[in-house]
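Residues in the sequence shown are numbered consecutively from 967, following this note's numbering. The beta-carbon is built from N, C-alpha and C at its ideal position, and this holds for glycine as well. Report on one structure; see the data block that follows.
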Amino acid sequence: MAVLTRRVDVAVIGLGLIGSAALRHLAHADLTVAGIGPPEPRDWATHVGPFASHFDSGRITRRLDARFEWAELASRSIEQYPVLEAVSGVEFHHPVGFVFARDDAAGVANLRAVIERLDLPVAITTTDETGCGYAFPGGHTLFAEPGPAGFVDPRRMRTAQVAAAASAGAAIVPTWATALERRDATFRVTASDGTIVVAERVLLATGPYLNDLVPFGLAARVVPEAIVLGRVGADDVARLAGLPAAIYLPSDPEYDDVYVVPPARYPDGEWYVKIGGSTVGVEPFTTAEQKRAWMVGNAADAQLPRLRRMLEAVLPDVAFEGFTAKPCLITDTAHDLPYVDEVDDRLFVAVGGCGHAAKSSDAIGALAAGLVATGGWPDDVLVRHAFRAVLGDLAPSGTSRHGH
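What follows is the structure in structure tokens.
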């Protein structure tokens, strides 16, 4: 087989939501760029490359967040949704609104502060009042954010980013990188199909595989998380058409928080309501074998009964037709924001979504693209130090992620 060699200014390794967004922004920066990343596996059981959690059709999007940086990243990304949909011809955004029910005083205060700082159009009531569409526990403060909050289809969002990047001149290598070597003034990236990309600069956007191609270790915690899909029929799909996306803090010792995505159509043609949450005390994965076993196996089924009960409790009038558990991987960082940084000469990273990155991925990719293109921090609102890369080990943490 002949080896195809491409020479570019920048190679982006990893074409998930952050990597594909960065590739699109770099393609508009008067640079030659190539993106390396595989499509969704056709057969998970035999796939030997990396897996990604964007193989999904429902992720919450909202500006409301207890941390300013995440709210700002989401705001910027949401503004770009219609632009990206128009350029790519791919629709992925469902602006059905969003509600957040919580009863912790500190969290409520943080949300109020961000609402005031960003002047968000959020209504604040309580869960004892009716009208949000969910049967939440009483006594919680309820924050309601109208559209464009809602949810996105991450599969289609990634498709839109890649299509837009390609139309702007980016080369797409539809497989995964197996080696990264520095050779004097350039990097040599070898892909699993034999393609070689020679680049002056490299951006790693490799998600839970962030340490696979580098000789140093970024401080990160890759943890398994399960989601459950509840299949709904046509009558419930129509009845729930105006249901907002939701996050709430349950009275359950195994979950810090739980999120619900309204009915979305999945690739099998069926409609599903999705539920998931941040589990307490979960052990991080430390090996590639652990990640693969989780993604191809059925260990996520263990969380199905509990998540099913919680879903049926908050949507008691829905006639679910069946339930399926799915695995995903979450990559937490030392400071609970993405690492967007230059970690070595002309070697950059944009990794660590902390369970928040899908909705905010366009802005994260734009930050990374600006850094790679200019060599300097491209933003005067978001502070560079907040996104610094941290090396070393990361101890287990109980940090809540509050919604995908």
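For a test of the three-state rule: what should DSSP assign to residue i, helix, strand or coil?
{"i": "L1206", "result": "coil"}
{"i": "H1060", "result": "strand"}
{"i": "S1326", "result": "helix"}
{"i": "L1270", "result": "helix"}
{"i": "E1147", "result": "strand"}
{"i": "Y1238", "result": "strand"}
{"i": "L1084", "result": "helix"}
{"i": "E1166", "result": "strand"}
{"i": "F1353", "result": "helix"}
{"i": "T1253", "result": "coil"}
{"i": "R1275", "result": "helix"}
{"i": "R1029", "result": "coil"}
{"i": "G1099", "result": "coil"}
{"i": "T1156", "result": "strand"}
{"i": "T1107", "result": "strand"}
{"i": "L989", "result": "helix"}
{"i": "F1117", "result": "strand"}
Determine which residues share a DSSP beta bridge with residue i and list them.
{"i": "D1223", "result": "S1244"}
{"i": "D1307", "result": "V1315"}
{"i": "L1195", "result": "K1240, T1290"}
{"i": "R973", "result": "V1164"}
{"i": "L1295", "result": "P1190"}
{"i": "Y1232", "result": "Y1232 pairs with nothing; no bridge assigned."}
Residue i: which of the options sits nearest, CA to CA?
{"i": "F1182", "options": "A1136, G1160, L1146, T998", "result": "L1146"}
{"i": "D913", "options": "D1311, D1298, G1099, E1236", "result": "No answer is possible for residue 913: it lies beyond the span of the chain, which begins at 967 and ends at 1370."}
{"i": "P1228", "options": "T1161, L1281, R1068", "result": "L1281"}
{"i": "R1033", "options": "A1072, V1062, F1153", "result": "A1072"}
{"i": "G1235", "options": "G1199, R1312, G1263, V1139", "result": "G1199"}
{"i": "I1193", "options": "D1222, V1226, A1323", "result": "V1226"}
{"i": "P1007", "options": "P1140, P1271, R1148", "result": "P1140"}
{"i": "G985", "options": "R1354, A1126, T1290", "result": "A1126"}
{"i": "V1163", "options": "R1258, G1003, A1268", "result": "G1003"}
{"i": "L1295", "options": "G1242, A1355, L1333, G1341", "result": "G1242"}
{"i": "E1051", "options": "P1293, A1129, L1176", "result": "A1129"}
My guess is that residue i and residue j are in contact by the Cβ rule of under 8 Å, so how many angstroms apart are they, rounded?
{"i": "V1315", "j": "D1307", "result": "6 Å"}
{"i": "P977", "j": "A1165", "result": "Residue 977 is actually Ala in this sequence, not Pro. About 4 Å separates the two Cβ atoms, so the contact holds."}
{"i": "L1043", "j": "S1327", "result": "The question names Leu, but residue 1043 in the sequence shown is Ser. So it is a contact: roughly 7 Å between Cβ atoms."}
{"i": "V1088", "j": "A1110", "result": "7 Å"}
Mark residue i as exposed unless 16 or more other C-beta atoms lie within 10 angstroms of its C-beta, in which case mark it buried.
{"i": "H1351", "result": "exposed"}
{"i": "G1024", "result": "buried"}
{"i": "T1092", "result": "exposed"}
{"i": "V974", "result": "buried"}
{"i": "I1090", "result": "exposed"}
{"i": "D1202", "result": "buried"}
{"i": "E1035", "result": "buried"}
{"i": "A1157", "result": "buried"}
{"i": "S1244", "result": "buried"}
{"i": "L1357", "result": "exposed"}
{"i": "T1161", "result": "buried"}
Closer than 7 Å to a non-hydrogen atom of the ligand FMN - does that hold for the CB of residue i?
{"i": "V1203", "result": "For the structure depicted, the ligand FMN is absent and the ligand set is empty, with no information on it obtainable."}
Check the Cβ-Cβ distances between residue i and every residue of chain B, and say whether any is below 8 Å.
{"i": "R990", "result": "The structure shown contains no chain B; it holds only a single protein chain."}
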